[in-house]
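Structure first, commentary second.
Numbering (my numbering), first residue to last: 14 to 270.
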């Protein structure tokens, strides 16, 4: 592993009312004894409202593990995680499922649409499960924003990859979640379609005040974010709280490998 000079990671203050997601001293250990894998080593981080943050790092750095724990999809070995002011570590499965449904949106690499449902039905699925009716004006605005007005009656296998991902973004935004997590949201798209998806995510932050936390291996995708965090060996080694050029991000990532 090559050495890299990194600035001190800014100190993380106690979570404030402006923090949508906060982690304190989070560890995640898989296995026991000599075979134990320390995926996260005391990570502390805050994500304020209305921020687009990207998480990057080499394979095995802990970036996906961190996102899964922040989103309540995995539990830390130790530490604290809050979403919209609610401590989620220790919640039972039913409470955690309800919190994710109400407070968290997801955009995945492989879309995760239900093949038997139309685009419209997939978009409304989280609210349907919660037995809530969508705000029609907000639904119409989202459908227009993702340019799906003429595709709502189509099923996923009748849509392109980019159209499927736009369905997924509208689905994530419709419940007005506290935070949207993106897990390699452009990883299964060509460069042009990926750029369109990133512009949509950027618009969600700039126009709708959405908070987005995205894990990506793509430096040019991360360049759309307001902030880039770099992980290595389960620790945040660099936290750049400004927009970076893709080439700058590539240089940092290469230095971490």
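Using N, Cα and C, we set each Cβ at its ideal position, and we do this for glycine too. Remember, predicted model here, so these are calculated numbers, not experimental data.
- Scanning 252, 263, 191 for the CA closest to the CA of residue 84 turns up 191.
- Counting only residues of its own chain and dropping the five nearest sequence neighbours on each side, residue 49 has a CB closer than 6 angstroms to the CB of 42.
- In this structure, the beta-carbon distance from residue 223 to residue 217 falls below 8 angstroms.
- Straight through space, the alpha carbons of residue 156 and residue 168 are spaced by roughly 15 angstroms.
- Under the 10 Å beta carbon count, residue 193 is surrounded by 16 or more other beta carbons and is classified as buried.
- Sequence-distant partners of residue 181 (beyond 5 residues in either direction) whose C-beta falls short of 6 angstroms from its own C-beta, in its chain, are 120, 124.
- Here the alpha carbons of residue 252 and residue 114 stand approximately 29 angstroms from one another.
- In the three-state scheme derived from DSSP, where H, G and I count as helix and E and B as strand, residue 236 is classed as coil.
- Within the model, the alpha-carbon separation for residue 221 versus residue 248 is close to 31 angstroms.
- Secondary structure remark: continuous beta strand (DSSP E) runs of at least 3 residues inside the region 234-269, in chain order: 240-245, 248-253.
- In terms of Cβ geometry, residue 152 and residue 131 do not form a close pair [threshold 8 angstroms].
- Residue 60 and residue 187 have their C-alpha atoms roughly 21 angstroms apart.
- If the five residues before and after residue 260 are omitted, its C-beta is found closer than 8 angstroms to the C-beta atoms of 232, all from its own chain and listed in chain order.
- Around the Cβ of residue 204, a 10 Å sphere holds fewer than 16 other Cβ atoms; the residue is exposed.
- Around the Cβ of residue 173, a 10 Å sphere holds fewer than 16 other Cβ atoms; the residue is exposed.
- Leaving aside the five residues that flank residue 76 on each side, the residues in its chain whose CB is nearer than 7 angstroms to its CB run, in chain order, 68, 69, 70, 228, 244.
- Beyond the five residues adjoining it in sequence on each side, residue 87 comes within less than 8 angstroms, by CB distance, of 41, 78, 81 in the same chain, given in chain order.
- DSSP, read as helix, strand or coil, puts residue 138 in helix.
- Rounded to the nearest whole angstrom, the C-alpha separation of residue 209 and residue 175 is 8 angstroms.
- Per DSSP, the continuous beta strand (DSSP E) segment holding residue 53 begins and ends at 50-61.
- For the pair residue 92 and residue 39, the CB atoms are nearer than the 8 angstroms cut-off.
- Here DSSP, grouped into helix, strand and coil, assigns residue 148 to coil.
- Counted as a single uninterrupted DSSP element, the stretch harbouring residue 173 is not any beta strand (DSSP E), since DSSP gives it neither H nor E.
- Counting along the chain, residue 217 sits inside the alpha helix (DSSP H) bounded by residues 204-221.
- In the three-state reduction of the DSSP assignment, residue 100 falls in the strand class, which pools E and B.
- With respect to the C-alpha of residue 53, the residue from 31, 34, 90 having the closest C-alpha is 90.
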